[in-house]
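Plus 104 on top of the position in the sequence shown (first one is 1) and you've got our numbering. All C-beta atoms in this analysis are idealised placements derived from N, C-alpha and C, irrespective of residue type, glycine included. Below you'll find the structure, written out as structure tokens, and then a few comments.
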Amino acid sequence: MTHPRPLSSLSHPPGRLSSRQSSSSNGFHTTEWSVLARLDTPEFADALAKLCQQYWYPVYAFIRRRTSDTHRAEDLTQAFFCKVISLQTFRMADRERGRFRAFLLTAVKNFLASEYQASQAQKRGGNRDVFSLDFAVADQMYRRNRTSQSAPEQEFDRAWALSLLEQAIDRLREEYEVQGDRLRFDLFVPSLRSSSLDYPSLASQLRISEVAARKAVSRFRACYGQHLRNAIASTLADEDSIEEEVDWILNVLKAN
Numbered sequence: 105m106t107h108p109r110p111l112s113s114l115s116h117p118p119g120r121l122s123s124r125q126s127s128s129s130n131g132f133h134t135t136e137w138s139v140l141a142r143l144d145t146p147e148f149a150d151a152l153a154k155l156c157q158q159y160w161y162p163v164y165a166f167i168r169r170r171t172s173d174t175h176r177a178e179d180l181t182q183a184f185f186c187k188v189i190s191l192q193t194f195r196m197a198d199r200e201r202g203r204f205r206a207f208l209l210t211a212v213k214n215f216l217a218s219e220y221q222a223s224q225a226q227k228r229g230g231n232r233d234v235f236s237l238d239f240a241v242a243d244q245m246y247r248r249n250r251t252s253q254s255a256p257e258q259e260f261d262r263a264w265a266l267s268l269l270e271q272a273i274d275r276l277r278e279e280y281e282v283q284g285d286r287l288r289f290d291l292f293v294p295s296l297r298s299s300s301l302d303y304p305s306l307a308s309q310l311r312i313s314e315v316a317a318r319k320a321v322s323r324f325r326a327c328y329g330q331h332l333r334n335a336i337a338s339t340l341a342d343e344d345s346i347e348e349e350v351d352w353i354l355n356v357l358k359a360n
């Protein structure tokens, strides 16, 4: 689990996308809310498990900030997702809510507020792993990203933003690997963090002209922006709010 910080790319995103563009590009046709709407279908369990896998780190960061006991935070995180996977949490979800992150945060707060649920949290959710959670890496990320003054809600927001960035970078990596261009991906990733690149060196390594290198990096950044907007769109009920959510991510990351 790695979380790049492509603030440079976010600060200068490609042009605004219509809801049609954001939902259809690169095969993204569904939202997280539409996953929850398929509660009684055979494929729901797998889809929900994938959704939980994508967003478990923000839940862990929130719980970790609420308790000084690292192991307790791990146990509660597993217990929360055991409940989610069992469909008890999301069955009553209000699918008209605009942002999936707001719903998930409320669900976690309600879970922690229940003394009964907290008392039922045994080691790794009662020795039942709902899926593999790399808590060692998560704790490293938490320690690196948290600030002494941050509230649990701020930890959740930052972790949520980083999770979306990771989804975007993962999709971009997969895209370049399918094309057999992993070298280009590795060489271009720094462009998401800084606009200052050694283009002559890039051109030499790729055996192309400097002009072609600049164009290739520009396409790379644009593709990243598209993947990020696809990831954001999947968490919204109203895809017209994508640009607002991009601004929110920028503010969350710059605040820390």
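Just verifying my parser: in three-state terms, what is the DSSP assignment at residue i?
i: residue 340; result: strand
i: residue 359; result: coil
i: residue 245; result: helix
i: residue 312; result: coil
i: residue 157; result: helix
i: residue 255; result: coil
i: residue 304; result: helix
i: residue 274; result: helix
i: residue 209; result: helix
i: residue 330; result: helix
i: residue 218; result: coil
i: residue 162; result: helix
i: residue 147; result: coil
i: residue 351; result: helix
i: residue 261; result: helix
i: residue 237; result: coil
Using the rule of at least 16 other Cβ atoms within 10 Å of the residue's Cβ for burial, across every protein chain shown, is residue i buried or exposed?
i: residue 162; result: buried
i: residue 106; result: Note that residue 106 has pLDDT 46, beneath the 50 cutoff, so the model's placement of it is unreliable and the number below is only indicative. By the 10 Å Cβ count, residue 106 comes out exposed.
i: residue 276; result: buried
i: residue 136; result: buried
i: residue 359; result: exposed
i: residue 238; result: exposed
i: residue 300; result: exposed
i: residue 284; result: exposed
i: residue 282; result: exposed
i: residue 295; result: buried
i: residue 351; result: exposed
i: residue 149; result: exposed
i: residue 181; result: buried
i: residue 179; result: buried
i: residue 349; result: buried
i: residue 331; result: buried
Using DSSP bridges, identify the partner residues of residue i.
i: residue 203; result: 340
The alpha helix (DSSP H) spanning residue i covers which residue range?
i: residue 181; result: 174-189
i: residue 297; result: Careful: residue 297 lies outside any alpha helix (DSSP H) and carries neither H nor E.
i: residue 287; result: 286-292
Query raised in the report: Would you call the stretch 243-263 and the stretch 317-335 in contact, with 3 or more CB pairs under 8 Å?
Result: The stretch 243-263 makes no contact with the stretch 317-335: fewer than 3 CB pairs, one atom from each, lie closer than 8 Å.
Query raised in the report: Between the stretch 298-316 and the stretch 235-245, do at least 3 Cβ pairs fall closer than 8 Å?
Result: Too few Cβ pairs lie closer than 8 Å, so no.
Query raised in the report: Does the stretch 332-345 touch the stretch 263-274, meaning 3 or more C-beta pairs lie closer than 8 Å?
Result: In the pairwise beta carbon analysis, the stretch 263-274 is classified as touching the stretch 332-345: at least three pairs are separated by under 8 Å.
Query raised in the report: Quick one: any contact between the stretch 171-188 and the stretch 145-162, if contact means 3 or more CB pairs under 8 Å?
Result: With a cut-off of 8 Å, the stretch 145-162 and the stretch 171-188 count as touching, because enough Cβ pairs lie within range.
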